[in-house]
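The sequence shown begins at 0 in numbering that gives the first Met the number 0 and counts up one residue at a time.
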Amino acid sequence: MKATVIGLGLIGGSIAIDLRRRGFVSSLVGVESNAKHARQALEAGLVDDVAPLADALRGVELVILAIPVDAVRALAPAVLDAIGDAAVVLDTGSTKATVCAALAGHPRRAQFVAAHPIAGTENSGPLAALAGLFQGKVNIICERELSSPRALSVAESLFELLGMRTIFMDAAGHDLHLAYVSHLSHVSSFLLGQTVLDIEKSEESIFDLAGSGFASTVRLAKSSPSMWVPIFEQNAENLGRALDEYIAHLDTFRRALAARDSSALYAITNRANDIRRVLDALGARASAGAGLATPIPVPTTNNDRTETLGGTQ
0 MKATVIGLGL
10 IGGSIAIDLR
20 RRGFVSSLVG
30 VESNAKHARQ
40 ALEAGLVDDV
50 APLADALRGV
60 ELVILAIPVD
70 AVRALAPAVL
80 DAIGDAAVVL
90 DTGSTKATVC
100 AALAGHPRRA
110 QFVAAHPIAG
120 TENSGPLAAL
130 AGLFQGKVNI
140 ICERELSSPR
150 ALSVAESLFE
160 LLGMRTIFMD
170 AAGHDLHLAY
180 VSHLSHVSSF
190 LLGQTVLDIE
200 KSEESIFDLA
210 GSGFASTVRL
220 AKSSPSMWVP
230 IFEQNAENLG
240 RALDEYIAHL
250 DTFRRALAAR
260 DSSALYAITN
270 RANDIRRVLD
280 ALGARASAGA
290 GLATPIPVPT
300 TNNDRTETLG
310 GTQ
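Listed below in structure tokens is the structure:
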């Protein structure tokens, strides 16, 4: 199968590694507007070649859009216009309602699969790509009834090859749930990082006093703003609702703290401890996946990021 990956960052690069390693594709071309990232992807062997978009779509059988969600919305219609009647296009974005709405009336909508492989790290760029990143993780496909049987078959085979379990949702439900279990946690991490930076003017104080708990909690604040701001914008209504509920919980905690109300503080933290059951179940499910994600063998690391079409994430 001749495939093209648009966006050679963490997600696109990690998909490329496994597609090549497991023989799913006979030819793999990348589209990358960041020249440095394009060079790094070639040097790391993520793709056979990096080409302009028009060349990369010529005769292609599978196109994977691994770019920010605003770029997916802008680029997906043009990609569908350019491909042949048998080709399949899928995206990997963390919001689905916007792109599904943008393609609702497209004559080749059946050749598109709205997918979201839920995996990643806080790092970005081609050198962040990992073999086995998706192993044991969940992939979501939205509006499957609008995709052709062939397109669904290709997409499901790809994600099965990556070691993922696919579930199906409507786009609105996907965005609502992801606002709570993914997008809100990124907002919380970004703002915790900002709060500490605002108060702790000395970086040495942060280095000296912050423990592993702070590092793990604020880890997501290292994520690329140019990937996450479009996600926040596209899912603003759901995320705003999640933030309202989160702020209400914070306010309840603050009032209990001000009152030195030990009973209320215990009740709040004990109830929150119930999340342990969910996390333990997730950990057990992840452990059932064979193998761990491993970095590609490159000599340096780089988290550069581009905001343009075809840029990495």
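Glycine is no exception: its CB is placed at the ideal position from the N, C-alpha and C atoms.
- With a threshold of 16 other beta carbon atoms within 10 Å, residue 272 falls short and is exposed.
- Exclusion of the five residues before and after residue 176 leaves 168 as the residues of its chain whose Cβ lies within less than 8 Å of its Cβ.
- Looking at the DSSP output, residue 168 shares a beta bridge with 141.
- For residue 54, there is no enclosing beta strand (DSSP E); the enclosing alpha helix (DSSP H) has its first and last residue at 52-56.
- Within the DSSP bridge table, the entry for residue 115 names 139 as partners.
- In the three-state DSSP reduction, residue 29 falls in the strand class (E or B).
- In this chain, the beta strand (DSSP E) harbouring residue 5 covers 1-5.
- Proximity of the stretch 223-238 to the stretch 93-103 meets the contact definition, three or more beta-carbon pairs being nearer than 8 Å.
- Check the Cα spacing between residue 159 and each of 261, 116, 44 and 9: the tightest is with 116.
- Residue 47 sits in coil when the DSSP states are folded into three classes, being neither helix nor strand.
- One thing to note: residue 90 has its Cβ within 7 Å of the Cβ of residue 71.
- In this structure, DSSP gives residue 63 an extended state, which the three-state scheme calls strand.
- Around residue 153, the same chain offers 87 as residues with beta carbons nearer than 6 Å, after the five sequence neighbours per side are excluded.
- When DSSP states are grouped into helix, strand and coil, residue 160 belongs to the helix group.
- Taking a cut-off of 8 Å on C-beta distances, the stretch 4-12 touches the stretch 24-33, as three or more cross pairs fall below it.
- Going by DSSP, residue 243 is part of the alpha helix (DSSP H) stretching over 235-257.
- Cα atoms of residue 143 and residue 265: separation of roughly 45 Å, rounded to the nearest angstrom.
- Under the three-state reduction of DSSP, residue 90 is assigned to strand.
- The beta carbons of residue 229 and residue 51 sit no closer together than 7 Å.
- Here residue 121 is near residue 221, since their CB atoms are less than 7 Å apart.
- The DSSP-derived three-state label of residue 130 is strand.
- With 16 or more other Cβ atoms inside 10 Å of its own Cβ, residue 131 counts as buried.
- In this structure, DSSP gives residue 102 a state outside helix and strand, which the three-state scheme calls coil.
- Rounded to whole angstroms, the separation of the alpha carbons of residue 184 and residue 216 is 9 Å.
- By the Cβ criterion, the stretch 98-108 is not in contact with the stretch 183-198, since fewer than three pairs of Cβ atoms, one from each stretch, lie closer than 8 Å.
- Straight-line spacing of the CA atoms in residue 39 and residue 259 works out to 55 Å.
- Shown here, residue 152 sits in a helix according to DSSP, grouped into three states.
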